[in-house]
Each structure stands twice: as C-alpha cells, then as structure tokens.
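Following this note's numbering, the numbering of the sequence shown begins with 68 at its first residue and continues without gaps. All C-beta atoms in this analysis are idealised placements derived from N, C-alpha and C, irrespective of residue type, glycine included. Worksheet for the structure shown next.
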Amino acid sequence: FGCGCWAERNDACSVAIASSGTGEFLMKSLFSKSICDACSFDDLTPETIRIHLNKIFLNRIMTPINADKYFGFILLKMITNENQSRLVEFLCAHNTQTMFIGYMTTNQSKVTTVFSELKSNDPLSINIDSIHLT
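The following block contains the structure:
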C-alpha cells in the first residue's frame, strides 16, 4: 500500500509516482504515497523533494542508521489552471549510482532518454532532475 506506486488527484492538481529501491524501507515509510502527498501541496522543486526524501526516508528514525536505503523514482505532476491550460512536470530522483529514464509525450515521434549519474560517492547524495512538459 503506497510504497511502489501511487497516484491521486486533488482539485486542479494530479500527481503520480512509481518508485523502486530497498523494499522493506520503502514499505515502512509509505514512500510513494508520502512523496505524492508532499508534492500535491508544495511546489515541485529539487529542494522540496530533497527535504521530503530526508524526512520520510533517508533520516527516518524507524530504520537503522547504517542500513542501505536506496531509492529511485519518477513523478508526474499536472496542474490545470483556471483557463484549463495544463502544466506538466516530470521529475526523477535517485540515490543509486545511476538511473536510466525514458519518456515520450504525445507530440514526440521518439522516446527521450536520460542517463542520470551521481556526481558524488557520498551515500547521502541525491540526483534530482526536473523537466517541464506542456
């Protein structure tokens, strides 16, 4: 429940997330639901994501300090404005050494791929990439 994938719609905001990682810790933290809830109400910025990842997963009191807590996720957030125009944000984040992402919009004829690699070997390092789609 709420650990591998989650989607919800609140008024003019829809958020969907799919995640993978250290299963037991993802499940205990309700990882996907927690990130989805946070992004439904806050601006989707790398700093917002980083704060929530540290709070609900990496620095969580209920998990051992020395445990390997790996995650990777993709997230879509769509906001519908009063004039019915839509803003869609695609975000990916991970703390594994690498993550490979592919996505395609209805306006594209081929898939866009992204290879994301940590810039540091620090175990608390997190890569967060955000793309605005319309």
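Selected residue, minimal CA-CA separation from residue i, among the options
i, options, result
"N126", "F98, S107, M145", "F98"
"S187", "Q151, G90, T165, T180", "T165"
"G138", "I84, G169, T180, L200", "With the sequence shown as reference, residue 138 is identified as Phe, and Gly is not the correct amino acid for it. Nearest C-alpha to F138: I84."
"I193", "T115, M145, N148, H199", "T115"
"T180", "L154, N148, I141", "I141"
"H100", "S87, R117, A74, I118", "The sequence as given places Lys at residue 100; His does not occur at that position. It is A74 whose Cα lies nearest to the Cα of K100."
Nearest-angstrom Cα separation, counted from residue j out to residue i
i, j, result
"N133", "T163", "16 Å"
"S152", "N121", "33 Å"
"M94", "N174", "36 Å"
"V82", "H161", "18 Å"
"R76", "T172", "20 Å"
"C159", "G90", "18 Å"
"E156", "H199", "5 Å"
"D183", "T112", "Going by the sequence as given, residue 183 is Ser instead of Asp. Taking the straight line joining both Cα atoms gives about 17 Å."
"A79", "F167", "30 Å"
"F108", "I146", "11 Å"
"L154", "C106", "14 Å"
Start-to-end residues for the beta strand (DSSP E) that takes in residue i
i, result
"M145", "138-147"
"N188", "No beta strand (DSSP E) holds N188; DSSP gives it neither H nor E."
"F155", "Residue identity check: residue 155 is Val in the sequence provided, not Phe. 153-161 is the extent of the beta strand (DSSP E) around V155."
"M171", "From DSSP, M171 is part of no beta strand (DSSP E); its letter is neither H nor E."
"D196", "194-200"
Other residues of its chain near residue i: CB distance less than 6 Å, five sequence neighbours each side excluded
i, result
"F68", "A caution first: F68 carries a pLDDT of 49, below 50, which makes its placement in the model unreliable, though a value can still be read off. Excluding positions up to five away in sequence, the list is empty."
Close beta carbons around residue i, own chain, < 7 Å, minus the five adjacent residues each side
i, result
"K203", "The displayed coordinates of the chain run from 68 to 201. Any statement about residue 203 would go beyond what the structure contains."
Problem - Segments assigned alpha helix (DSSP H), at least 4 residues, entirely inside the region 69-130 - result: 90-95, 98-108, 113-120
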